[in-house]
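Here my numbering = 1-based position in the sequence shown + 246.
Built from N, CA and C at the ideal position, the CB exists for glycine as well.
The model shown is predicted, which means the values in this text are computed figures rather than measured ones.
Here's the structure we're looking at; comments come further down.
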Amino acid sequence: MMIHTLRGQLLIAAPRLVDPNFFRAVVLIIDHDENGAMGLVINQPTDERIEEVWGQVSESACNARGPIHTGGPCEGPLVVLHTMAEHSLAQPAPGVHYSAERTAVECVAAAESGPRKFILGYSGWAPGQLESEMDQASWVCTPATAQDVFDLDPDLWARLMRRISRDSARAFLNPKVVPDDPSVN
């Protein structure tokens, strides 16, 4: 069965989605195929900071600063979203790289600069589950950008919802998509 992949999309939780794991969540889809989907919530920072807990994770140097994010309800290793192609396991979106292997995560942490988000846990969907949630309008999709992924704005969800609403209204009102003869509609 061929599916339309959502890899590289941001899933924005619909306002009516009240599951505490995904309330006002923005999820970057890392992988999506007939076997299911895996993504990372990118707008749920914890109180723990990478520079404060790094010594418990590794003996290597850490020049990174910032909160560790909760990636979702599924347990998983510390992973990182970053811009360093040489340490990338996957590139889910333009300018956004994903690393889960320990040595790659250590290299990204040791780097002197560059945007990065360290994330614990992930969001996983069984085959067909995400498609079903999309059909139920639990999520709204928009293409991921590096600017959105690395944004630390606590109002990222609201900003993306406003952008999607504006874009939808523009598309709806775009005279290029309105036929000359409305009766053919």
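Open item on the list: Looking only at its chain, what residues have a beta carbon closer than 7 Å to the beta carbon of Arg-405, apart from the 5 residues adjacent to it on each side?
Closed with: Here residue 405 corresponds to residue number 159 of the sequence shown, with the count starting at 1. Within the same chain, Arg-405 has close Cβ partners Asp-399.
TODO: Could you pull out every unbroken beta strand (DSSP E) segment of at least 3 residues lying fully inside the stretch 338 to 389, listed in chain order?
DONE: 342 to 345, 362 to 371 and 385 to 389
Open item on the list: Let me confirm a value: Thr-251 is counted as buried when at least 16 other C-beta atoms fall within 10 Å, else exposed. Which label applies?
Closed with: As a working mapping, residue 251 is identified with position 5 in the sequence shown. Answer is exposed; the Cβ neighbour count stays below 16.
- [ ] Compute the distance between the beta-carbons of Ser-378 and Val-273, then report whether it is under 8 Å.
- [x] Reading the sequence shown from its first residue, position 132 is the one you call residue 378. Reading the sequence shown from its first residue, position 27 is the one you call residue 273. Not closer than 8 Å, so no.
Task: Three-state secondary structure (DSSP) of Asp-397 - done: Translated into the one-based positions of the sequence shown, residue 397 becomes position 151. Coil, per DSSP.
Open item on the list: In whole angstroms, give me the CA-to-CA distance for Arg-348 and Ala-355.
Closed with: Here residue 348 corresponds to residue number 102 of the sequence shown, with the count starting at 1. Here residue 355 corresponds to residue number 109 of the sequence shown, with the count starting at 1. If you take the alpha carbons of Arg-348 and Ala-355, they lie about 10 Å apart.
Open item on the list: Could you give the first and the last residue of the continuous beta strand (DSSP E) run that contains Gln-255?
Closed with: Along the sequence shown, one-based indexing puts residue 255 at 9. Residues 255 to 259.
Open item on the list: To the nearest angstrom, how far is the alpha carbon of Glu-352 from that of Gln-337?
Closed with: Residue 352 sits at position 106 when you count from the first residue of the sequence shown. Residue 337 sits at position 91 when you count from the first residue of the sequence shown. Approximately 18 Å, taken between the alpha carbons.
TODO: Throw me the rounded Cβ distance for the Pro-389 and Gln-255 pair, which I believe falls under 8 Å.
DONE: As a working note, residue 389 is residue 143 in the sequence shown. As a working note, residue 255 is residue 9 in the sequence shown. Pro-389 to Gln-255, Cβ: 6 Å. Contact.
TODO: Please state if the CB of Leu-286 and the CB of Cys-387 are separated by a distance shorter than 8 Å.
DONE: Locating residue 387 in the sequence shown gives position 141, counting from the first residue. Locating residue 286 in the sequence shown gives position 40, counting from the first residue. For the 8 Å CB-CB criterion, Cys-387 and Leu-286 do not form a contact.
TODO: Indicate the three-state DSSP secondary structure (helix, strand or coil) for Val-299 in the structure shown.
DONE: Sequence index remark: in the sequence shown, residue 299 carries index 53 (1-based). Val-299 falls in the helix class under three-state DSSP.
Open item on the list: What would DSSP say about Ala-307, mapped onto helix, strand or coil?
Closed with: Counting from 1 along the sequence shown, the entry for residue 307 is found at position 61. Ala-307: coil per DSSP, three-state reduction.
Task: Member of Ser-411, Gly-360, Ala-259 and Arg-362 whose CA lies at the smallest distance from the CA of Gly-318 - done: Your numbering for residue 318 matches position 72 in the sequence shown. The option with the nearest alpha carbon to Gly-318 is Ala-259.
Task: Sub-8 Å separation of Arg-295 and Gly-312 beta-carbons - done: Here residue 295 corresponds to residue number 49 of the sequence shown, with the count starting at 1. Here residue 312 corresponds to residue number 66 of the sequence shown, with the count starting at 1. Against a cut-off of 8 Å, the Cβ pair of Gly-312 and Arg-295 comes out as a contact.
Task: One or two residues paired with Thr-316 in a DSSP bridge - done: In the sequence shown, counting from the first residue as 1, residue 316 sits at position 70. Leu-366.
Task: Cutoff 6 Å; reference Asn-420; Cβ partners in own chain excluding five residues on either side - done: Stepping through the sequence shown from its first residue, residue 420 is reached at position 174. Below a pLDDT of 50, predicted positions are generally treated as unreliable, and Asn-420, at 49, falls in that range; the measurement from the model is reported next regardless. So no residue of the chain qualifies.
Open item on the list: Going by C-alpha to C-alpha distance, which of Pro-361, Ser-411 and Ala-372 sits closest to Ala-310?
Closed with: By 1-based counting over the sequence shown, the position of residue 310 is 64. When only C-alpha atoms are compared, the closest one is Pro-361.
- [ ] Evaluate Asn-289 with the Cβ neighbour count: other Cβ atoms within 10 Å of its Cβ, from every protein chain shown; 16 or more gives buried, anything less gives exposed.
- [x] Numbered from its first residue, the sequence shown carries residue 289 at position 43. So Asn-289 counts as buried.
Task: Residue nearest to Ala-357 in terms of C-alpha spacing, selected from Ala-383, Gln-382, Arg-253 and Val-326 - done: Taking the first residue of the sequence shown as 1, we reach residue 357 at position 111. Taking only the C-alpha atoms, the option nearest Ala-357 is Val-326.
Task: Contact under 8 Å by Cβ, Pro-340 with Glu-280 - done: Numbered from 1 along the sequence shown, position 94 holds the residue referred to as residue 340. Numbered from 1 along the sequence shown, position 34 holds the residue referred to as residue 280. No, they are not a contact pair.
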